[in-house]
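Visitor:
Next comes the structure, spelled out in C-alpha cells:
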C-alpha cells in the first residue's frame, strides 16, 4: 500500500512537471543550449556520464527527448499502476456491495420480526430484539437474531421468518439462513398463578398433538438440508420398528444415486438438525431419467414394459409421469399410405389422432389415473419420465 501510494504520487508529480514546462514554454533552443552547457560543465553531471560510459549496455539507452516519447513513458507507467489500483477499487467495491446487502438483510429482518414475532395475537409484547448481526458464509447471508421473549420460538416459526425475509428481499431461501436464539427473560402473565386460586392440572398432549408437533418440527428442520443439484427431495418417511428404534428414509429423484460420501455427510447433517443421536438415515433413489418409447410405424401400442415406471408413480402420490410423443417420418408415411379410418383426412389431423391414441395406450400401460400423466408434443422422439406434481 505504501509503495503503491509512493509510485502514484511520483507519477502525478512527473505529469504535473511536464504540464508546467509545456505551459511556460521552457523547451526552447536557448534553454536546451544552457542545459547542454550545464551537462558538460557540472561536476556531478560529468561523474554520472562517466559512470554510464563504463558499461556498454548503459550506452545503448537513449534519452527520451520528444513530447510524444515522454507521454508514452508516462502512459506505460500509468498503465502498470492501473493493475493494482483496479484491484484495490474492485475490492473496495465488493466491500461496499457486501455492506449494502447486509444492511438490506438487517432492515428486512427487523421489519419481519416486528410484524410477525414481536407480539402475541392479543397485542401483548412477546419479544424484542437484543442483538442482530449478519455474516456472509459460503455464499449465504447468515442472520443471527437474539431476542428476549416471553415464549420460545418453534422451528416452524423460524422457517416462517426465513421465508418472509427471503420474500421481502426477493431472494431464494437457499441464499439465507437464520439463527433465532430466544432468551426467556419475561414471565407470561397468563401462566402466572394467582394467589388463592387453585392450580389447574396440566393436560398432557395426546398422541395426535404430539405427532403433529413432531412432524412440523422435523419437516422444518429437514427442509434446511440442501441436496446436490442433481437430486430433488420427494418425501420423508419416519419408520419405527418393534424395538422402538426410529429411522428416517429420504426419497429423492435424480439421474443417478448419490455417492457414499454425500450420503454420509447428509446423514450426519440430518442427525444434527433433528438432534437425534444414532438416527439411521437411508436415502432412497428414484430414477427420473427418461424412458424411450418405441412405436412401430403407424401403430398405437408402445414396445417395451412400462410397469416399473407406473409402479413408481403409483407408490408416490406426489409423482406424475411426463410423456412426450413425437411422429417420425415413418409414421407420417404410414398415415399417408393407410390413414386411420375414423380420423380426419388431413395429415395434421391424422397425426393428432395417432398421438392421442398412443397417449391413451401409454396411460393404460402405466396403470395410473390419466390426470397424473401429462402429455407433451415432441418432434420425432417419444419418451416418458417421472416428475414432481405441481
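Residue numbers (this note's numbering): 116 to 505. Yeah, the Cβ is synthetic: ideal placement off N, Cα and C, and Gly gets one too. Only a predicted model underlies this, so the values are computations on that prediction, with no experimental measurement involved.
Can you tell me whether residue 348 is helix, strand or coil according to DSSP?
Guide: Residue 348 sits at position 233 when you count from the first residue of the chain shown. Residue state, collapsed to three classes: strand.
Visitor: Opposite residue 234 in the DSSP bridges: which residues?
Guide: As a working note, residue 234 is residue 119 in the chain shown. According to DSSP, which records beta bridges pairwise, residue 234 is partnered with 240.
Visitor: Near residue 340, what residues of its chain come up, given a Cβ to Cβ distance below 7 Å and the 5 sequence neighbours on each side ignored?
Guide: The residue you call residue 340 lines up with position 225 of the chain shown. Correct list, in chain order: 381, 384, 385, 388.
Visitor: Take every Cβ of the segment 423-441, pair it with every Cβ of the segment 480-492, and state whether three or more of those distances are shorter than 8 Å.
Guide: Enough Cβ pairs lie closer than 8 Å, so yes.
Visitor: Return yes when the Cβ of residue 296 is within less than 8 Å of the Cβ of residue 337, no when it is not.
Guide: Residue mapping note: residue 337 aligns to position 222 of the chain shown, counting from 1. Residue mapping note: residue 296 aligns to position 181 of the chain shown, counting from 1. It is not a contact, given that the beta carbons lie outside the stated cut-off.
Visitor: Does the contact criterion of 3 or more C-beta pairs under 8 Å hold for the segment 244-262 versus the segment 283-291?
Guide: Short answer: they touch.
Visitor: Look at the alpha carbon of residue 234 and the alpha carbon of residue 432, and state the distance between them as a whole number of angstroms.
Guide: One-based indexing of the chain shown puts residue 234 at position 119. One-based indexing of the chain shown puts residue 432 at position 317. Distance between the alpha carbons of residue 234 and residue 432: 39 Å.
Visitor: Answer yes or no: do residue 225 and residue 211 have a C-beta to C-beta separation smaller than 8 Å?
Guide: On the chain shown, residue 225 is found 110 positions in, with the first residue counted as 1. On the chain shown, residue 211 is found 96 positions in, with the first residue counted as 1. Going by C-beta atoms, residue 225 is not nearer than 8 Å to residue 211.
Visitor: Below 8 Å between beta carbons: does that hold for residue 346 and residue 331?
Guide: Within the chain shown, numbered from 1, the residue matching residue 346 stands at position 231. Within the chain shown, numbered from 1, the residue matching residue 331 stands at position 216. Against a cut-off of 8 Å, the Cβ pair of residue 331 and residue 346 comes out as no contact.
Visitor: Assuming contact is defined by CB atoms lying nearer than 8 Å, are residue 490 and residue 406 in contact in what I supplied?
Guide: As a position in the chain shown, residue 490 is number 375, starting the count at 1. As a position in the chain shown, residue 406 is number 291, starting the count at 1. No, these two residues do not count as a Cβ contact at 8 Å.
Visitor: With burial defined as no fewer than 16 other Cβ atoms inside 10 Å of the residue's Cβ, what is the status of residue 367: buried or exposed?
Guide: Residue mapping note: residue 367 aligns to position 252 of the chain shown, counting from 1. Buried, since its Cβ has 16 or more Cβ neighbours within 10 Å.
Visitor: What residue from 343, 360, 362, 365 has the CA that sits closest to residue 376's CA?
Guide: Within the chain shown, numbered from 1, the residue matching residue 376 stands at position 261. Among 343, 360, 362, 365, the Cα nearest to that of residue 376 belongs to 343.
Visitor: In chain order, what residues of the same chain have a beta carbon less than 7 Å from the beta carbon of residue 305, not counting five sequence neighbours either side?
Guide: For this step, residue 305 is matched to residue 190 along the chain shown. Confidence at residue 305 is low in this model, with a pLDDT of 49, below 50, so the placement of that residue is unreliable and no value is reported for it.
Visitor: Bridge partners for residue 259 per DSSP, in chain order?
Guide: Taking the first residue of the chain shown as 1, we reach residue 259 at position 144. In DSSP, residue 259 forms a bridge with 248, 294.
Visitor: Figure out for me which residue from 440, 441, 464 has the closest Cα to the Cα of residue 451.
Guide: For this step, residue 451 is matched to residue 336 along the chain shown. Comparing Cα-Cα distances from residue 451 to each of 440, 441, 464, the minimum goes to 464.
Visitor: What does DSSP give as the partner residue(s) for residue 72 in the beta ladder?
Guide: Because residue 72 is not part of the residues shown, which for the chain are 116 to 505, the question remains open.
Visitor: Who does residue 490 pair with in a DSSP beta bridge?
Guide: On the chain shown, residue 490 is found 375 positions in, with the first residue counted as 1. Answer by DSSP bridge pairing, in chain order: 438.
Visitor: Can you tell me whether residue 318 is helix, strand or coil according to DSSP?
Guide: The residue labelled residue 318 in the question sits at position 203 within the chain shown. Three-state result, residue 318: coil.
Visitor: What does the alpha-carbon distance come out to for the pair residue 362 and residue 291?
Guide: In the chain shown, counting from the first residue as 1, residue 362 sits at position 247. In the chain shown, counting from the first residue as 1, residue 291 sits at position 176. Between residue 362 and residue 291, the C-alpha separation is close to 29 Å.
Visitor: Could you tell me whether the Cβ atoms of residue 474 and residue 421 are closer together than 8 Å?
Guide: Working through the chain shown from its first residue, we reach residue 474 at position 359. Working through the chain shown from its first residue, we reach residue 421 at position 306. No. Outside cutoff.
Visitor: Tell me the rounded alpha-carbon separation between residue 449 and residue 279.
Guide: Position 334 of the chain shown, counted from the start, is the residue given in the question as residue 449. Position 164 of the chain shown, counted from the start, is the residue given in the question as residue 279. Each residue's Cα considered, the two are about 57 Å apart.
Visitor: Please look up how many angstroms separate the CB atoms of residue 232 and residue 294, rounded, as I've assumed it's under 8 Å.
Guide: On the chain shown, residue 232 is found 117 positions in, with the first residue counted as 1. On the chain shown, residue 294 is found 179 positions in, with the first residue counted as 1. Actually they are not in contact, since the Cβ atoms of residue 232 and residue 294 sit about 14 Å apart, beyond 8 Å.
Visitor: May I ask which residues mark the beginning and end of the alpha helix (DSSP H) holding residue 382?
Guide: Position 267 of the chain shown, counting from 1, holds the residue named residue 382. Unbroken alpha helix (DSSP H) run through residue 382: 375-389.
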